[in-house]
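**Student:** For the sequence shown, the numbering used here begins at 860 and goes up steadily by one.
Below you will find the structure I want to go over with you.
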Amino acid sequence: MLTEQQNASVAQATNQKQNQQKHQALHQASLLNKAEFWGEAAKALDWIKPAKTVLDESQAPFYHWFADGEMNTCYNAVDRHVLAGRGDQIAIQYVSPVTDTEYGISYAELQAQVSRLAGFMQSIGIGKGDRVVIYMPMVPETAFAMLACARIGAIHSVVFGGFAANELATRINDAKPKLVLSASCGIEPSGVIPYKPLLDKALAQAVHQVDHCLILNRSQCHADLLEGRDLDWQAALATAPWADCAALKATDPLYVLYTSGTTGQPKGVVRDNGGHAVALTWSMQHIYDIQAGDVFWAASDVGWVVGHSYIVYGPLLMGATTLMYEGKPVGTPDPGAFWRTIAKYKVKSFFTAPTAIRAIKREDPDGEYLQGVDLTCLKNVFLAGERCDPDTLVWAHAQLAKPIIDHWWQTETGWPVAANLMGTAPVAIKPGSPALPVPGYAVEVVDELGEQVAPNTSGNVVIKLPLPPGTLTTLWQNDQRYQDSYLSMYPGYYLTGDAGYTDEDGYLYIMSRIDDIINVAGHRLSTGRFEEVLCQHPDVAEAAVIGVDDQLKGQVPLGLVVLKKGVTISDEELHKQLITLVRQEIGPVASFRLVSAIQKLPKTRSGKILRGTMRKIADNQQYTAPATIEDPQTLELVRTALTRMGYADALV
Ligand code: COA
Ligand code: AMP
C-alpha cells in the first residue's frame, strides 16, 4: 500500500509527465503552424489594424511579424486598461528602501503622466522614429519615459545607470538621439550617485549633439541645468498638453537596447512594436502565470532587458501591477527586504537573478529573515540572467518552499527561450536546467559543422530561423553586423553564443559562452572592452581579460597586462590606476578589482590570445597547450600570476 505522501508524489509525477507532453505539443504546434499560433496570441491585444500577414518571410533572413498590422504599444499597456475599467488599479507599485519611499501609481495616473510627457516631447519636436536616450535610476519616471516614447513612436534607448560617461557617449553616438532624459542622481547603498556630471561629460565627449536634456531633479541631489539645452522635468510637464497614441506599424522599432558584444562597440538590439507586445503578453500568461490584476515583481533594473520586458512592458501589457524596486537584495536594509516586500504587496510571481539569491544566502544562510513573513501570496520564483548553479536553486527552494524556476534568455531574444510554462503546463524541475524550449523557439545543439549532437553531448546552442515574435529584428542601422554576428556561422540558424546540451528528456542545459562575453552579477560585459580600456593606460602594451569564478557574482573580470619596455611603475600603483581607469571608462558595474602585470601573454603563432586556456588555468581545469602556441612557457607565467592573485592554486 502506498502512503498518502507517496500517492501525492505519484500523482504529481504523472501530472508532470502529462504536462511535458502538453508543453511539447504546444511547442510543436507553434513551429508547424506559426501564423496560426501567433495570430491567435495576437488577439490578446487591441490592434488599430489587425495583421493579415502574420509572418512575412519575403526578406529572409530578415523576418517581419504582423507585417501589415498597426497598433500602439503604449495604448495596449496603459490606455486600454483604463478604458476597460482598471483605471483605479495600481499599475506601478514603487518601493524604494534607499529613499524610504513607497507609493502606487494607478493606471489612470499612469495614463496622465505618460500622455503629458509624450505631449511635452512632441512640443519640442520629437516625433515618430526619433531616438530618445534614457539615462535614469529606478524611479517610476523612467517607465513613464519609455511609455511616452512608445506613445508617439519615438525610439527609446535606455542606458544603465551604472555605466560610465564614456559608455553613455558611445551609445549616444550610435543612436543619435534628439533628446536625453535623465535625473539628478541614482541612489546606491554606498550613497548618492550624481548622474548629471556623467551626462555632461558624455555629451562633451560625444560627436553627436543632442537638442535637449530633460532632467528630473530628485530631492537627494540638485542638478544644475545648462540654459537652452537642459529643461526641468517638473516645470516642463506642468503645462504640457496630452498626446494621443500614434498609429504605428507593428514593425516600427519600439526601442534600441545596447548590449555587450565581443568588441568594445556595443550592439544595438532593435525591438519592434507588434511582435514584442504579442510575445510578452503570451509569456506573462503562459510562463509567469500572471493575469490582469495580479502583482508581478522583477527585481532587476530598467537598464537591462529584464527591466524592459518584465518591469515595464510585460506586466503592463497584461494589465497586472508591476513592482518597481530601488534597492538591493541585501543591505537595504537587510536580507529580509525581498521577502517582506513580496508579502506586503502580495506578489504572485517574483523574478530575480541567481546572484541576488546568493547574496541573501550569504547573509542569511538559515533563512532567519523569513521567519514570520507570510509568503502565501507567492506562487513562483523565476531566476535568469546567468547560469543558475544547482546549489542556489536548491537552497532557495528549501527556504521558500515554492517552485524555483530557472529560465534562459538574452537581450537579443527579449523573452525566454527555455522555460517551464508555469501558467500552462508546469513540468518537473531539474536543478541546473532552464527546462524545455519555449513555444516559438526551435532550439538545437550542434557541433562545429552544424550537425545536431546526441543527447548529453555539448555543443553550440542555436535556434532555427525564423525566431519567434518579440526577438531582435536587426542591430541598429547595422544589418550587416546582425548577419555577421548571429546568422553567418550556421546559415538558417541564429547563433545564441551559448554552449550547452540537452538531456534524454529534451531538457536544455546552458553551461557557458562560446565568445569573450562574461556575466558579472547577471550583468553582461565584454572582455574585449576591458582590454581596450586597459590598453589606454600609457604604461600598458597589451592586455588580456578573462572571467573567473566568483562565489557571489558568478564571474568577475581578471586582467593580465604586459607593460611597455622600460616602465618602472610599482605593482601597487599600477593596480590602483588600472582599477580607477576601468571604473571611469566602463563604470562601477564592471566590478573590476583583479589585475596584475605579466611578462608575456600566451598567444597562438598568428597572434590570438589564448583566453580559453587562461580561463582553464584560472579555474584549475585540465588543459593542453594548443599545438599553435607561440611560446609554451607563457602558460607557466600565467599560472604564476594567477596563483599570486588567488586563482589557479592547484597544479593540474
Ligand atoms: N547606478 C550607479 N551605480 C550603480 C548602479 C546604478 N544603477 N548599479 C550598480 N552600481 C554600482 C554599485 O554602486 C557598485 O559600486 P561600488 O563598486 O562603488 O560599490 C557597483 O556598481 C557594482 O554594483 P553591483 O553589481 O550592484 O554589486 P554590489 O557588490 O554592490 O552588490 C549584489 C552585489 C549581488 C547585491 C548585486 O550585484 C545585485 O543585486 N545583483 C542582482 C543583479 C540583477 O538583478 N541583475 C539583473 C539582471 S537579471
Ligand atoms: P543578457 O543579454 O545580459 O540577458 O545575458 C544573456 C546571457 O546570460 C545568455 O546568453 C547566457 O549566457 C546567460 N544566461 C542568462 N540566463 C541564463 C540561464 N538561465 N542559464 C544559463 N545562462 C544564462
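Just so you know, even glycine gets a beta-carbon here, dropped at the ideal spot from N, CA and C.
(1) Who are the near neighbours of Q1064 in its chain, counting only those whose CB is closer than 7 Å to its CB and skipping five residues on each side?
(2) Give a yes or no on contact between the region 1072-1082 and the region 1051-1060, applying the rule of three or more CB pairs nearer than 8 Å.
(3) Closer than 8 Å is the cut-off here; do at least three beta carbon pairs connect the region 1108-1124 with the region 1311-1322?
(4) Thinking just about the alpha-carbon of each residue, which of L1367, H940 and T873 is nearest to the one in V1312?
(5) Just the C-alpha distance for A1138 and T1332, rounded to the nearest angstrom, thanks.
(6) Residues bridged to D1409 by DSSP?
(7) Using the rule of at least 16 other Cβ atoms within 10 Å of the residue's Cβ for burial, across every protein chain shown, is K1370 buried or exposed?
(8) Per DSSP, what kind of secondary structure is V1069 in: helix, strand or coil?
(9) Going by alpha carbons, who is nearest to Q1068 out of C1080, W1092, K1037 and T1181?
(10) DSSP on R1088, reduced to helix/strand/coil?
(11) Cβ atoms of V1392 and V1415: under 8 Å apart, would you say?
(12) Mind checking which residues open and close the alpha helix (DSSP H) that includes W1254?
(13) Span of the beta strand (DSSP E) holding Q948?
(14) May I have the straight-line CA-CA distance separating D1033 from D1233, to the nearest angstrom?
(15) With a threshold of 8 Å, are at least 3 pairs of Cβ atoms found where one atom belongs to the region 1232-1248 and the other to the region 1211-1219?
(16) Taking its Cβ as the centre, do 16 or more other Cβ atoms sit within 10 Å of V1164, making it buried, or is it exposed?
(17) Given this structure, state the Cα-to-Cα distance separating G963 from Y1172, to the nearest angstrom.
(18) Whose C-beta lies closer than 6 Å to the C-beta of M1473 among residues of the same chain, with five residues either side of it excluded?
(19) Less than 8 Å between the beta carbons of R1503 and S1455, yes or no?
(20) For A1509 and D1408, what's the separation of their Cα atoms in angstroms?
(21) With respect to the alpha helix (DSSP H) encompassing R1388, which residues constitute its N-terminal and C-terminal limits?
(22) Mapping DSSP to helix, strand and coil, what is Y1204?
(23) Do L969 and A950 have their beta-carbon atoms positioned less than 8 Å apart in this structure?
(24) Going by other Cβ atoms of all chains shown within 10 Å of its Cβ, with 16 needed for buried, is C1008 buried or exposed?
(25) Would you check if the distance between the CB atom of A1284 and the CB atom of V1297 is smaller than 8 Å?
(26) Could you tell me which residues DSSP pairs with W924 in its beta bridges?
(27) Just mark Q1258 as buried or exposed, buried being the case when its beta carbon has 16 or more other beta carbons within 10 Å.
(28) Would you call P1094 buried or exposed, if buried means 16 or more other Cβ atoms sit within 10 Å of its Cβ?
(29) Is the beta carbon of A1238 sitting closer than 8 Å to the one on K1203?
**Tutor:** In terms of the structure at hand:
(1) On the sequence shown, residue 1064 is found 205 positions in, with the first residue counted as 1. Cβ neighbours of Q1064 beyond the five flanking positions: A1024, N1025 and A1028.
(2) Short answer: they touch.
(3) No: the two stretches stay apart, fewer than three of their Cβ pairs being nearer than 8 Å.
(4) Numbered from its first residue, the sequence shown carries residue 1312 at position 453. In terms of CA proximity to V1312, L1367 leads the group L1367, H940 and T873.
(5) Reading the sequence shown from its first residue, position 279 is the one you call residue 1138. Reading the sequence shown from its first residue, position 473 is the one you call residue 1332. Approximately 14 Å, taken between the alpha carbons.
(6) Here residue 1409 is taken as the residue at index 550 of the sequence shown, counted from 1. Checking the DSSP bridge columns, you'll see D1409 partnered with G1413.
(7) If you number the sequence shown from 1, residue 1370 lands on position 511. For the sequence presented, residue 1370 should be read as Met rather than Lys. Exposed, because fewer than 16 other Cβ atoms sit within 10 Å of the Cβ of M1370.
(8) For the purposes of this step, residue 1069 is taken as the residue at position 210 of the sequence shown. Looking at V1069 - three-state DSSP - the assignment turns out to be coil, as it is neither helix nor strand.
(9) For the purposes of this step, residue 1068 is taken as the residue at position 209 of the sequence shown. Nearest to Q1068 by C-alpha distance, out of C1080, W1092, K1037 and T1181, is K1037.
(10) On the sequence shown, residue 1088 is found 229 positions in, with the first residue counted as 1. Shown here, R1088 sits in coil according to DSSP, grouped into three states, outside any helix or strand.
(11) The count along the sequence shown starts at 1 and reaches residue 1415 at position 556. The count along the sequence shown starts at 1 and reaches residue 1392 at position 533. No. Outside cutoff.
(12) In the sequence shown, counting from the first residue as 1, residue 1254 sits at position 395. For W1254, the enclosing alpha helix (DSSP H) starts and ends at P1249 to L1259.
(13) Walking along the sequence shown from the start, residue 948 turns up at place 89. Boundaries for Q948: no beta strand (DSSP E) harbours it, and the DSSP string shows neither H nor E there.
(14) Here residue 1033 corresponds to residue number 174 of the sequence shown, with the count starting at 1. Here residue 1233 corresponds to residue number 374 of the sequence shown, with the count starting at 1. Each residue's Cα considered, the two are about 48 Å apart.
(15) As far as the Cβ criterion goes, the region 1232-1248 touches the region 1211-1219, which means the pair count is three or higher.
(16) Numbered from its first residue, the sequence shown carries residue 1164 at position 305. Its Cβ being crowded by 16 or more others within 10 Å, V1164 is buried.
(17) In the sequence shown, counting from the first residue as 1, residue 963 sits at position 104. In the sequence shown, counting from the first residue as 1, residue 1172 sits at position 313. Whole-angstrom Cα-Cα distance: 17 Å.
(18) Against the sequence shown, residue 1473 aligns to sequence position 614. If the five residues before and after M1473 are omitted, its C-beta is found closer than 6 Å to the C-beta atoms of I1405 and V1497, all from its own chain and listed in chain order.
(19) Translated into the one-based positions of the sequence shown, residue 1503 becomes position 644. Translated into the one-based positions of the sequence shown, residue 1455 becomes position 596. Taking C-beta atoms as the reference points, R1503 and S1455 count as a pair closer than 8 Å.
(20) Residue mapping note: residue 1509 aligns to position 650 of the sequence shown, counting from 1. Residue mapping note: residue 1408 aligns to position 549 of the sequence shown, counting from 1. Reliability of the predicted coordinates at A1509 is poor, the pLDDT of 48 falling under 50, and the value obtained from them is presented with this limitation in mind. Roughly 15 Å between the two C-alpha positions.
(21) Looking up residue 1388 in the sequence shown gives position 529. First-last of the alpha helix (DSSP H) with R1388: T1386 to L1393.
(22) Sequence index remark: in the sequence shown, residue 1204 carries index 345 (1-based). Helix at Y1204.
(23) The residue labelled residue 950 in the question sits at position 91 within the sequence shown. The residue labelled residue 969 in the question sits at position 110 within the sequence shown. The Cβ atoms of A950 and L969 lie closer than 8 Å to each other.
(24) Residue numbering aside, residue 1008 sits at position 149 when the sequence shown is read from its first letter. C1008 counts as buried, since at least 16 other C-beta atoms from the protein chains shown sit within 10 angstroms of its C-beta.
(25) Locating residue 1284 in the sequence shown gives position 425, where the first residue counts as 1. Locating residue 1297 in the sequence shown gives position 438, where the first residue counts as 1. No. Outside cutoff.
(26) The count along the sequence shown starts at 1 and reaches residue 924 at position 65. Under DSSP, W924 forms a beta bridge with L914.
(27) Within the sequence shown, numbered from 1, the residue matching residue 1258 stands at position 399. It is buried - the Cβ of Q1258 has at least 16 other Cβ atoms within 10 Å.
(28) For this step, residue 1094 is matched to residue 235 along the sequence shown. Position check: residue 1094 holds Ala in this sequence, whereas Pro was assumed. Using a 10 angstroms sphere on the CB of A1094, the tally of other CB atoms stays under 16, which defines it as exposed.
(29) Counted from its first residue, the sequence shown places residue 1238 at position 379. Counted from its first residue, the sequence shown places residue 1203 at position 344. For the sequence presented, residue 1238 should be read as Lys rather than Ala. In this structure, K1238 keeps its C-beta atom at 8 Å or more from the C-beta atom of K1203.
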